[in-house]
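Line by line, the protein sequences give chains S and Y. Per this note's numbering, residue 1 is the first one in the first sequence, and the count goes up by one each step. Per this note's numbering, residue 1001 is the first one in the second sequence, and the count goes up by one each step. Working notes, beginning with the structure itself.
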Amino acid sequence: MRHLDAAYNLALWLLRDSNDAEDATQSSLFKAFDRMHGGDAKPWLLAIVRNECMDALHSRSNRTRSETVFEDCLEFAEAIGPDPEEAAMRTLDAESVLAAIQQLPPEFREVVILREVEELSYREIAKVIDKPVGTVMSRLARARGRLQVMLAAGGEAR
Amino acid sequence: MNCETVRTLIDAYLDSELDFSKSIEVETHLASCEKCRLTLESRQQLSRAIKAAATYAPVPLSLRTTLRKETHPRPKLRFGLATTALAFAIGMALVLGFWQPWKVGNSLQDRIIGDMFSHHREAMACNRLVEMRSDKPKEVRSWFTSRVDYSPKVATPPEEQFKLLGGRMEVIAGRTVPVVAYTSNSHEIDVYVTSYEFGDINDSDRDGQHLMAWDDCGLHYWIVSDDPRGDLGALRQAFWGPRRDR
């Protein structure tokens, strides 16, 4: 089945739990089959998956606390931005890159995955998350900035 | 452009999402600014690292199985109240002569063929035979792959008289289907490619237009043109090889 991998993996990235991701993918695909659609199916299917996952995230009760605290800590570092020279020098191992993406808030995580893994255009991403293209651009820029800050900090800790 | 502006645009630049004039401005700045160049480099490095690290996780077998079961359900033989009522209604309709089910198949056929003929006429009249112009079958085929979930064959045009123009999408009987457009001696030729769900196929003529249909590898191919049948045969052969007896 086309796009099944894309659908499941977006859900996995957003929900960070394989059982929840399976549930979300399954109900998204049922919804998708209900209103079969010609044209460009992938952004459209991923939009359904994304909305399903956001609903699931909202209904999770144990969420948010650790993430909000984390966001507060980051605001300051992000405003300054990483020192580009330092950021460029560091080697990025897969494990810490994955860990850093996992720690992004979902609104940032989704644009990173849709851009870097699914290689969607800004316009397609805007369609998936139902936001203007300008928002996609700024979120992606901030998300990458955060990732660099996190990876730089992780490197120093070692 | 100063460093601050460039830094807000650097991601869009990296993703090739800036318009031409903006990206020239960014490039001009980058040529003279070491610091912004390093920023771009570090972003490129990050982007490569994410692509390399975030590979697809395999879809669980349980999910695949559930989906296959749900999308290709086995017919169930259970007569609930609704079914009984429906059967009764159909019976009544038949008795009263409102509805003639043996004509349903024909009317779907009529609709499909009618849609194809009228789209073909409109496309010629409005001179929009192609949305994607290319005379390379591979390019046309890959343009289709992001638009439909099956792989239509795009034949290399036979002989010199035929020329591949490109592809477009049309709505036939409520479904979006790919169309391969050719030209031959100033006749325009459309080849509609549909899934087998469109039912039986037959050749047909209407108002000086001709339709020739065949199936191949589970897909249906329909050539529509005002070119005489004999000439269409050559194009069909390119798609399919010589006509087999059905």
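Note that beta-carbon positions come from the ideal geometry of N, C-alpha and C, so glycine has one too.
Closer than 7 Å at the C-beta level to chain S, one finds these residues of the region 1036-1048 of chain Y: Leu1038, Thr1039, Glu1041, Ser1042, Arg1043, Gln1045, Leu1046 and Ser1047. In this structure, the alpha-carbon of Ala41 of chain S lies about 32 Å from that of Gln1237 of chain Y. Between Leu1014 of chain Y and Leu1040 of chain Y, the CB-CB gap stays under 8 Å. In the same chain as Ile1172 of chain Y, and ignoring 5 residues on each side of it, the C-beta atoms closer than 7 Å to its own belong to Ile1112, Asp1115, Met1116, Tyr1192 and Thr1194, in chain order. Spatial neighbours of Leu1219 of chain Y in its own chain (CB-CB distance under 8 Å, excluding positions within 5 residues in sequence) are listed in chain order as Tyr1150, Pro1152, Lys1153, Val1193, Thr1194, Ser1195 and Tyr1196. In terms of CA proximity to Ile113 of chain S, Y:Ala1052 leads the group Y:Ser1142, Y:Gln1109, Y:Asn1127 and Y:Ala1052. Non-local beta-carbon contacts of Met1132 of chain Y in its own chain, meaning distances under 6 Å to residues more than five positions away in sequence, involve Trp1143, Gly1166 and Gly1167 in chain order. Distance from the CA of Arg144 of chain S to the CA of Phe30 of chain S, rounded to the nearest whole angstrom, comes to 33 Å. Thr1028 of chain Y sits in a helix when the DSSP states are folded into three classes.
Inclusion of Arg1068 of chain Y and Cys1036 of chain Y in the CB contact set at 8 Å is not warranted, their separation being larger than that value.
Nearest in C-alpha terms to Ala32 of chain S, of all of S:Leu4, S:Leu15 and S:His58, is S:Leu4. The three-state reading of DSSP puts Gly1218 of chain Y in coil, since its state is none of H, G, I, E or B. The residues Ala1234, in chain order, have a CB closer than 8 Å to that of Glu1159 of chain Y in the same chain once the five nearest residues on each side in sequence are set aside. Taking a beta-carbon distance threshold of 8 Å, Ser27 of chain S does not count as an interface residue toward chain Y.
Taken in chain order, the complete beta strand (DSSP E) segments of 3 or more residues contained in the region 1140-1224 of chain Y are 1162-1172, 1175-1184, 1187-1195, 1204-1206 and 1209-1216. Shown here, Met137 of chain S sits in a helix according to DSSP, grouped into three states. For a Cβ distance threshold of 9 Å, nothing in chain Y lies close to Gln102 of chain S: the least Cβ distance comes to about 10 Å. Taking a beta-carbon distance threshold of 8 Å, Val1130 of chain Y does not count as an interface residue toward chain S. A distance below 8 Å separates the beta carbons of Gln1161 of chain Y and Ser1184 of chain Y. Taking a Cβ-Cβ threshold of 9 Å, none of the residues of chain Y is close to Leu15 of chain S; the smallest such distance is about 12 Å. According to the DSSP secondary-structure assignment, Met1132 of chain Y is paired through a beta bridge with Y:Gly1167.
Residues of the same chain with a CB within less than 7 Å of the CB of Arg123 of chain S, apart from the 5 flanking positions on each side, are Val133 in chain order. Lys127 of chain S carries a helical assignment under DSSP once its states are collapsed to helix, strand and coil. DSSP, reduced to helix, strand and coil, places Cys1033 of chain Y outside both helices and strands of the structure shown, so it counts as coil.
The continuous alpha helix (DSSP H) containing Pro106 of chain S extends over residues Pro106 to Val112.
Nearest Cα to Met1169 of chain Y within the set Y:Thr1156, Y:Asp1203, Y:Leu1129 and Y:Lys1138: Y:Leu1129. In terms of CA proximity to Leu120 of chain S, Y:Glu1017 leads the group Y:Glu1017, Y:Glu1027 and Y:Gln1045.
Per the C-alpha coordinates, the member of S:Ile129, S:Asp130, S:Val128 and S:Pro105 positioned closest to Arg142 of chain S is S:Pro105.
In terms of Cα proximity to Ser96 of chain S, the closest of S:Met54, S:Asp17, S:Gln148 and S:Ala11 is S:Gln148.
Relative to Leu1046 of chain Y, the option among S:Ile101, S:Ser27, S:Ser138 and S:Met54 whose CA is nearest is S:Ile101. Pairing Asp1200 of chain Y with Ser1225 of chain Y gives a Cβ-Cβ distance that is not under 8 Å. Apart from sequence neighbours up to five positions away, the residues of its chain that approach Glu110 of chain S with a beta-carbon distance below 7 Å are Leu14, Arg50 and Ile129, ordered along the chain. Not one beta carbon of chain Y lies nearer than 8 Å to the beta carbon of Leu46 of chain S. Tyr1056 of chain Y sits in coil when the DSSP states are folded into three classes, being neither helix nor strand.
Residue environment: Glu1027 of chain Y is assigned as exposed (fewer than 16 neighbouring CB atoms within 10 Å of its CB, all protein chains considered). For Gln1044 of chain Y, the closest alpha carbon among the candidates S:Asn19, S:Leu92, S:Ala6 and S:Trp44 is that of S:Leu92.
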